[in-house]
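Beneath this line is the structure, given in structure tokens, with notes to follow.
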Amino acid sequence: MIRNKKALKHAVGGAIVAGLTVSALPAARAQDAALREAADSPVITEVFVTARRREESLQDVPLSIAAIGGEDLEQRNVTDLRQVNGQIPNVVIATSQFSGTVGSQFRMRGVPGVVVYQDGAPFEGGALPNLTDIERVEVLRGPQGTLFGRSAIGGAIQLVTRKPQDEFSLDMHTAFGSKNRVDVSGNLNVPITDELFVKLTAASMERDGYVSSTNVDTLFGSQDDKLGRLDVLWRPIKDFEVRAQYARTENKSSGVPYVNLNLLPVCNDGQAPANWFSGDGVQIFFAPNAYCLYTSVDLDPSTPGVQAFNDEFHSYGAQQRYLNTIDTADAGWRQTYDDVRVDMTWNLNSTMTVRALGSRRWGTGHSYEDLDGTGLDLWVNQLPFFTERSDLRTGELQFIYSGSRLSGTTGVYWEKAPGANGRRINWINNDLLQSPALAAAANAAYPGSAVNPLFGGHPESGPQLLGNGFIGISRTATEQFAAFSEWTVEVTEGLRLTGGLRYTEQDTTETSYKANPFGGDQSLHPVPALYQDLIPGADYYAGTGVPEVDKSTVTQWTPRFSLQYEFTPQIMMYATYSKGAGTGGTIVNVDEADPQIIALGLSDYQTLPEEVKNYELGLRSEFFGNTLRFNATVFYDEFTNLELSEELVPGRLFDANADAEIKGVEIEGVWQATDALALNYGLGWIDAKYTDRGTTRNLEPGSALALAPEFSYALGAQYGWKLTSGELTLRGDYTWQDSQMSAVDRITAYEIPDFGLLSARLAYSPSGANWDVALSGTNLTGEYYIMSAFYQPQTTAVSATVGRPREVALSFNVRFE
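Residue numbers for the sequence shown follow our numbering, beginning at 22 and rising by one.
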């Protein structure tokens, strides 16, 4: 008996996936050869990927890979990388808890450490890339340290854009829809000579926000993205080409679409609430929640301002409403990034290719958010809340060999990444700063609490018992060198052995200037010249300005070995072992005179280097004359020293390491049922749990990794009608993700509910015409779903980022040649 909505969705989805996959296998064994070779039989389009730095059929690669082509992305209504979330099993792309899409969180199989590449170069910093003029997206699950390095311990995503063409063409795309959506983009291909080709790409994507406020006339969650790209391809001779790109992106938003899900005031009859555990499950510090502070000094909870702590007035998220009580009208973020990429390829002969890549990505970003989501100054951040500056430079040289029985890639990689960021934050109960009497009464009501020691006073209002302002700026400089090699040999007909190894050495220096939280006299001053433009007005904090410097040098060896056997041209099985290495090895210096550090019993320490061992079995197969693709992967990962952060003291994070075990299954494929009907399916299951608490204080063995839903699946169907006037195409997609923890930290973690999203698209293309039109819709069932969330013990509130509601759009494409 199916007892609830979740079980029903799993049952229906599982039945469809099982029906499309498992039932096909016995029948495939008896398939008629004539059917496989029938001239009019529909076949699946072969997909080529560059997961091993050389072009190969997806079905020949002994790795867990998924690829979505550019046209398929358009049919699925996917316009930016975040919307790939849910389309691929065991892959989660969630918004940041504090800055929305500016700092999105990637997880593959529950593991962080996912790198994004665009046209062979790392894409780091700024908002997620939009998918304008994308040829395909490749998703590589599992550690990819051998060929991609750069801490690709969870996996890698490759974005491949279309190259300039040797014929003139102009493609224009427009879309108009809900929330005043206006998208305009274009690609202009201009052949200058027979050897030189230029492409210009421009795009603008705008739409209003969707979460309103009871206090200010602002819609939070808006999008205003601009892109300009110049792409030049020079091919002076047949076997040599140079591709050079310059791009600039600008992203603006009205702020993160926060809602409050619930408020859980625990006042304990005047006693300090047990809402803060700072080690071994023992409460060392506690922060009285704001509601209790108000009631302890005899303020009526229904009075203006205080009423925000009453669910009836405030927790609109619990009522599934797109509404909050934020009173910060100028919240939002903006950023500008520039990219330069150069890719030189020289085919020395029929088997040997040399490829050289160089890139630079630099830019700045600013954000200002009201994190508590209320009209009170409980968790408000002064402008700017966060400012970042990044500058990543890379170079790579590859030697690629493709022989009849031997193929492989050998190369070296270098990068340098100086970066800086600054933040100026007001954290806990800032409204009480405005009333010394109220602060004193609150402190008296909770003697011995963390009210006074937590944070010092603010220069503008004088020392207060409940001070909380702090400022911090930092600079992280990394330099990395790596050498790598991976080769595949055909041992016998159908049997291939692959072995690879990468050596990486990285130096990291983290320089932090932090205002002392125990009094303005030790706060940051003067602000170093390098950061003057990061924090306007920061220099009014008096103090010594002595920096904290953490340095580390990490060397890593990351191997990969695969054994694969091709039973027939359509069926291949493989076994792969790979090792991934992530961050770690940072020496953390602490102030041993800090009362909080003393209470925690901390001294200078060094984080441990992350390491994962991945064991994988896979099947790559096609049946019914290449009309049904069925790919399956079973994996087991042993994770050592997974790095995470714990908020042991309100407002302060401490790095730690723990061990984990991850096992799971991935099933995906395509069925070209007829010339008109195509179905795609994907199912993921993972069991990702911590096995040892390591150096953490509050982690419980057996607890789930963050952003690791147990089940996830995607189903899609597309049908085309041939009309006398043209072609009509209808597509529908449904994606599902189980509930998942927003974080590992025992203090701030929140369980994000499961959700499913339905989208559809109806397109018409006239015969012999150069245009098409489409009507599309996303979240058609009107699902109220949460993308990220965190619990605030200080306010007893759960702040969450809610996803976009039901939206429709009308799009128009035209091509001139």
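Glycine is no exception: its CB is placed at the ideal position from the N, C-alpha and C atoms. In this text, all values refer to a predicted model and were calculated from it rather than measured experimentally.
DSSP-derived helix/strand/coil call for residue i
i      : result
Ala830 : strand
Gly639 : strand
Gln356 : strand
Ile618 : helix
Val136 : strand
Leu796 : strand
Val237 : coil
Gln340 : coil
Gln104 : helix
Asp412 : strand
Glu804 : coil
Glu95  : helix
Leu282 : strand
Leu79  : helix
CA-to-CA distance, residue j to residue i, given in whole angstroms
i      : j      : result
Tyr422 : Ala697 : 40 angstroms
Arg355 : Thr270 : 11 angstroms
Pro83  : Ser533 : 43 angstroms
Glu15  : Leu621 : Any answer about residue 15 is impossible in this case: the structure gives the chain only from 22 up to 838.
Val277 : Gly107 : 21 angstroms
Ser892 : Asp351 : This structure cannot settle anything about residue 892, because the visible part of the chain is limited to 22 through 838.
Tyr238 : Asn281 : The displayed chain sequence assigns Asp, not Tyr, to residue 238. One C-alpha to the other measures close to 18 angstroms.
Val205 : Gly91  : 17 angstroms
Glu436 : Gln266 : 19 angstroms
Val823 : Ile807 : 5 angstroms
Pro730 : Gln758 : 6 angstroms
Pro826 : Ser199 : 10 angstroms
Arg426 : Asp140 : 28 angstroms
Gln52  : Ser117 : Residue placement at Gln52 is flagged as unreliable, the pLDDT there being 41, under the threshold of 50; the coordinate-derived value follows with that caveat. Going from the Cα of Gln52 to the Cα of Ser117 covers about 49 angstroms.
Pro133 : Ala810 : 17 angstroms
Asn451 : Ile347 : Caution applies to Asn451, whose pLDDT of 44 falls short of 50 and renders its modelled position unreliable; the value that the coordinates give is listed next. Roughly 15 angstroms between the two C-alpha positions.
Leu240 : Arg782 : 27 angstroms
Gly520 : Lys247 : 43 angstroms
Ala87  : Glu159 : 6 angstroms
Val68  : Leu700 : 16 angstroms
Ile619 : Ala268 : 50 angstroms
Ser225 : Glu772 : 35 angstroms
Leu518 : Thr597 : 10 angstroms
Thr182 : Thr235 : 43 angstroms
From the options, residue whose alpha carbon lies closest to that of residue i
i      : options                        : result
Ala795 : Val82, Thr195, Gly379, Glu262  : Thr195
Ser85  : Ile178, Tyr138, Pro133         : Ile178
Gln126 : Gly737, Ala821, Ala727         : Ala727
Thr716 : Ala679, Lys273, Tyr626, Ile683 : Ala679
Gly605 : Gly424, Leu191, Glu632         : Glu632
Arg97  : Gly242, Gly685, Ala738         : Ala738
Leu369 : Phe241, Ala173, Lys259         : Lys259
Thr349 : Val99, Leu392, Ala142          : Leu392
Thr66  : Ala142, Ser225, Asn647         : Asn647
Asp571 : Val160, Thr499, Ala784, Gly230 : Thr499
Glu687 : Pro110, Ile618, Leu79, Ala602  : Pro110
Val137 : Glu514, Leu180, Ser274, Ser624 : Leu180
Tyr702 : Ala694, Tyr734, Ala677, Glu721 : Tyr734
Residue i beta carbon near the ligand ADP (any heavy atom closer than 7 angstroms)
i      : result
Gly386 : Of the ligands one can find in the structure shown there are none, so the ligand ADP has no counterpart to examine.
Sheet register partners of residue i (DSSP bridge)
i      : result
Ala377 : Met365, Leu418
Gln627 : Ile608
Ala177 : Val136, Leu161
Pro787 : Gly747
Gly520 : Trp508, Phe582
Ile155 : Thr182
Range of the contiguous beta strand (DSSP E) that encloses residue i
i      : result
Leu704 : 698 to 713
Asp204 : 202 to 212
Gln739 : 732 to 743
Gly90  : 85 to 90
Gln758 : 747 to 758
Gln813 : 807 to 813
Thr648 : That residue, Thr648, is in no beta strand (DSSP E); it is neither H nor E in DSSP.
Glu271 : 261 to 274
Asp187 : First-last for Asp187: undefined, no H or E at that position.
Leu601 : Sequence check: residue 601 is Gly here, not Leu. It spans 592 to 602 - the beta strand (DSSP E) in which Gly601 sits, taken as one unbroken run.
Beta carbon proximity, residue i to chain B, threshold 8 angstroms
i      : result
Thr513 : No chain B appears in the structure shown, which is made up of a single protein chain.
Continuous alpha helix (DSSP H) stretch holding residue i: start and end
i      : result
Asp229 : Counting along the chain, Asp229 falls outside any alpha helix (DSSP H), and DSSP gives it neither H nor E.
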